Structure formats: C-alpha cells, structure tokens
Amino acid sequence: MTYNIIAFGELLWDLLPEGKALGGAPANFIFRVNHFGNNGRLITRLGNDELGKEAMERVKEIGLPTGYVQVDENVPTGTVDVFLDKQGIPDFTINTGVAFDEIEFTSDIKELASEAHCIYYGTLVQRGDKSRESLFKLIDAAPKALKFCDINLRKDCYTPETLHESLQRADVVKINDDEIMELGKIFTLIGTDPRSYGEDLMMRYDLGILLVTMGPKGALCITQDGEFFYDSGYEVKVKDTVGSGDAFSAGFIHILLKTGDVHHALNFGNALGALAATTAGATVPISESEVMAFMRKYYV
Numbered sequence: 001m002t003y004n005i006i007a008f009g010e011l012l013w014d015l016l017p018e019g020k021a022l023g024g025a026p027a028n029f030i031f032r033v034n035h036f037g038n039n040g041r042l043i044t045r046l047g048n049d050e051l052g053k054e055a056m057e058r059v060k061e062i063g064l065p066t067g068y069v070q071v072d073e074n075v076p077t078g079t080v081d082v083f084l085d086k087q088g089i090p091d092f093t094i095n096t097g098v099a100f101d102e103i104e105f106t107s108d109i110k111e112l113a114s115e116a117h118c119i120y121y122g123t124l125v126q127r128g129d130k131s132r133e134s135l136f137k138l139i140d141a142a143p144k145a146l147k148f149c150d151i152n153l154r155k156d157c158y159t160p161e162t163l164h165e166s167l168q169r170a171d172v173v174k175i176n177d178d179e180i181m182e183l184g185k186i187f188t189l190i191g192t193d194p195r196s197y198g199e200d201l202m203m204r205y206d207l208g209i210l211l212v213t214m215g216p217k218g219a220l221c222i223t224q225d226g227e228f229f230y231d232s233g234y235e236v237k238v239k240d241t242v243g244s245g246d247a248f249s250a251g252f253i254h255i256l257l258k259t260g261d262v263h264h265a266l267n268f269g270n271a272l273g274a275l276a277a278t279t280a281g282a283t284v285p286i287s288e289s290e291v292m293a294f295m296r297k298y299y300v
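Per the UniProt record's numbering, the very first residue in the sequence shown carries number 1; after that it's consecutive.
Here's what the structure looks like:
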C-alpha cells in the first residue's frame, strides 16, 4: 500500500563558510519516504528570488513534487548564516522575516490533508505566526492522520508555548537525548535521564509513542502501553551526519504505517539513519532492501 504523507515546514539555504547547501528536515524526510514508494508531499514556501529559484530547481532534481511549494513575492527565501567562533565551533543565525515563516493554508492543502495518513511537522517553522496558524489548520483538517512531531530546539526559534502546542497535537514525538534534557528543564519534568524524562512527558501529553535518538548510542522508544524498546547504535564509517535524524524519522514512519510494529520500525529507522551517515549529503538514495540487508548482516 502507498501511504499519503505530508511534511510541513522550512526549506532554506545554509550559508556555510565554504559555500551554500540546501537544507530543511521536511524535504529530507519526504525524499526518504518517497524513495520507499510512498506518496509524500512537501508544504513549504520560497521567495521569488535567485535563492528561491535555485532551491526549486534542486527540489525538482531530487525528484520531489513541487505542487505545494509556495512562492512569496514579498519576502526572501530562508537562509541560515553559519560561522565559526573563536574556538572554531560552528554557530549560526536562522534569519527571520523569510518565506517559510509565511506559509499559507489553502483549499488545496485542506483537500490534501483529508487524505493524509501521516503529517510530519517540526518546531522551527512555528516561530512565525502565519506558518504556525497554517500548521494547526492543517492538523485540524486531518483528524485521522498520524501526527509526527520532530522537536528541534533551534536557538531563538521556539518558546515554551510553541513546544506545548506541538506536543498537545502530536501522536508520535521524536527528540534527541540532549534536547529532551533541555525539555526537562523547560517543563520541570520528573526524572534524571532521557528515559525517565520521556516517561513523564508521555503521561503529561498522552503521547502514543516517544522516540529519543542518541547518535552513535542508538535510539529508544516508549509507547503509550508502557512498552520500552532500545536499539543500539551501528558501527559505520561516518561521512556526513546531515540528514541522519530525518532518515531515522522517515524509516520509522514508513515501517510503522506499513506494519504497525513499533519495535521493527525503531530498528529500521535506526539502521537507515546509520546508513545515511555513510553518505555525503542528506539525499543519497537508500532502498528498503538495502536497509534490510544491512540489518541482517549486522545482526548475524
């Protein structure tokens, strides 16, 4: 079965010291789910400028449908200024007043939502009032869809209120181990580690599934039924970790929709995230059969 999956959020350029790179978790996520044969659609907004036109061409090059990529005549395409501090550590500024802050909810999007099996969204896109309101309308228009929230605590791009609203609307939440510790401080969660914080978060927001990624240490999963799963990390030759977390999310959702098996979904998502880290960039194709072969080889 082919699943209708929507990703709502940012598409932007990372302006690195060595040049620019197109980024955005929603696009990376949709690239992966579509490569598994699903019917994924990206809802985002670009400026009618050179960076926007270049981004649109790049989206087409990697095979993503562009029917819901909006173009704004008044504000520029999203950018992130990335620089190195005095210690050589990367720092960044996600520029405001850009197109992905102004995503509109249209009648076409409402119709798309009515047929969705899953809606993927993050927290960065909610910093703008217009996009946040459109996201909530999208979620309300898809009562039967699984809501997957990918929490990213980007500097100056979230508030306790937007985090609360995101969690309230979610069925599945993904967060990394550092960020759940920060979430513990924000919401005064009960616990001392990612698992205990996660269990408290599950109860407070009546979540169906919580996923905590831990980089090379693997990932854990807690379900509403009280089940706990852990999948250890894979020893791979890392080339580029950009997009690995998005690959994890896509792999997890693909298998969850396909089989309903949470444990298998966790294993598959973790394996896909590891394989993605062995490639340069976030959009090198990796097939479902390649992931399964990697898992079999690793566990034999």
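Positions of the beta carbon are idealized from the N, C-alpha and C atoms, including for glycine. Every value quoted in this text rests on a predicted model; they were computed, and no experiment measured them.
- According to DSSP, what are the bridge partners of D72? Answer by DSSP bridge pairing, in chain order: G47.
- Task: Could you give the DSSP three-state label for F187: helix, strand or coil?
- Result: It is helical.
- Query: If you check the beta carbons only, do K174 and D200 fall under 8 Å apart?
  - Reply: For K174 and D200, no; Cβs fall outside 8 Å.
- Task: Just list the beta strand (DSSP E) runs in the segment 220-260, keeping only unbroken ones of 3 residues or longer that don't cross its boundaries, in chain order.
- Result: Taking only runs of at least 3 residues, the beta strand (DSSP E) segments lying wholly in the segment 220-260 are 228-231.
- Reference E115; option with closest CA among A142, V125 and L210: Looking at the Cα atoms, A142 is the closest of the given residues.
- In the DSSP assignment, what are the bridge partners of K20? Beta-bridge pairing links K20 to L15.
- Can the beta-carbon of F248 be found closer than 8 Å to that of A293? For F248 and A293, no; Cβs fall outside 8 Å.
- Message: Rounded to the nearest angstrom, what separates F31 and I6 at their Cα positions?
- Response: Taking the Cα positions, F31 is about 11 Å away from I6.
- Residue interval of the beta strand (DSSP E) (run including T213): Counting along the chain, the beta strand (DSSP E) containing T213 begins and ends at I209 to T213.
- Query: Under the three-state reduction of DSSP, which class applies to G198: helix, strand or coil?
  - Reply: Secondary structure at G198: helix, using DSSP grouped into helix, strand and coil.
- Task: Taking the CB atoms as reference points, tell me whether G97 and G9 lie closer together than 8 Å.
- Result: In this structure, G9 does not lie closer than 8 Å to G97 by Cβ.
- Where does residue 301 sit, in a helix, a strand or coil, going by DSSP? A question about residue 301 goes unanswered here, because the residues of the chain that appear run from 1 up to 300.
- Would a C-beta distance cut-off of 8 Å place T106 and W13 closer than the cut-off? No, Cβ-Cβ distance for T106 and W13 is not below 8 Å.
- Of the choices E182, G233, F148 and M181, whose alpha-carbon is the least far from that of I253? The option with the nearest alpha carbon to I253 is F148.
- Do the segment 188-197 and the segment 154-166 make contact, defined as three or more Cβ pairs closer than 8 Å? By the criterion of at least three beta-carbon pairs nearer than 8 Å, the segment 188-197 is not in contact with the segment 154-166.
- Please say whether I286 and L272 have beta carbons closer to each other than 8 Å? The Cβ atoms of L272 and I286 sit closer than 8 Å to each other.
- Message: Suppose contacts are defined by Cβ-Cβ distances below 8 Å. Is A274 in contact with G243 by that definition?
- Response: The Cβ atoms of A274 and G243 do not sit closer than 8 Å to each other.
- Secondary structure of L138, DSSP reduced to three states: DSSP places L138 in helix when its eight states are reduced to three.
- Query: For G40, which option in I119, E133, F136 and T192 has the closest C-alpha, if you only look at C-alpha atoms?
  - Reply: Answer by Cα proximity: I119.
- Could you name the residues of the same chain whose beta carbon sits closer than 6 Å to that of R127, not counting the 5 residues immediately before and after it, in chain order? The residues are C157.
- Based on the DSSP output, what are the partners of C157 in its beta bridges? According to DSSP, C157 shares a beta bridge with no other residue.
- Message: Judging by CA-CA distance, which residue of G208, N152 and E54 is the nearest neighbour of V172?
- Response: If we check each option's Cα against that of V172, G208 comes out closest.
- When you compare each of M202, G251 and D91 to F228 by their alpha carbons, which one comes out closest? When C-alpha distances from F228 are compared across M202, G251 and D91, the shortest belongs to M202.
- Got a sec, what are the start and stop residues for the alpha helix (DSSP H) K110 sits in? Taken as a continuous stretch (DSSP letters only), the alpha helix (DSSP H) holding K110 covers S107 to S114.
- Message: Using only CA atoms, which one of N270, R204 and L256 lies nearest to M1?
- Response: The shortest Cα separation from M1 among N270, R204 and L256 belongs to L256.
- Task: Name, in chain order, the residues that DSSP records as bridge partners for K174.
- Result: Its beta-bridge partners are D150 and L211.
- Around the C-beta of R296, are 16 or more other C-beta atoms found within 10 angstroms, so that it is buried, or is it exposed? By the neighbour-count rule (16 or more Cβ atoms within 10 Å), R296 is not buried but exposed.
- Return the CA-CA distance between T279 and T241, expressed in angstroms with no decimal places. Going by the C-alpha atoms only, they are around 8 Å apart.
- Message: On a Cα-Cα basis, can you pick out the residue from D72, E57 and P65 that is closest to L46?
- Response: L46 has its Cα closest to that of D72, out of D72, E57 and P65.
- Between S131 and E50, what straight-line distance do the alpha-carbon atoms span, to the nearest angstrom? In this model, S131 and E50 are separated by some 22 Å (Cα to Cα).
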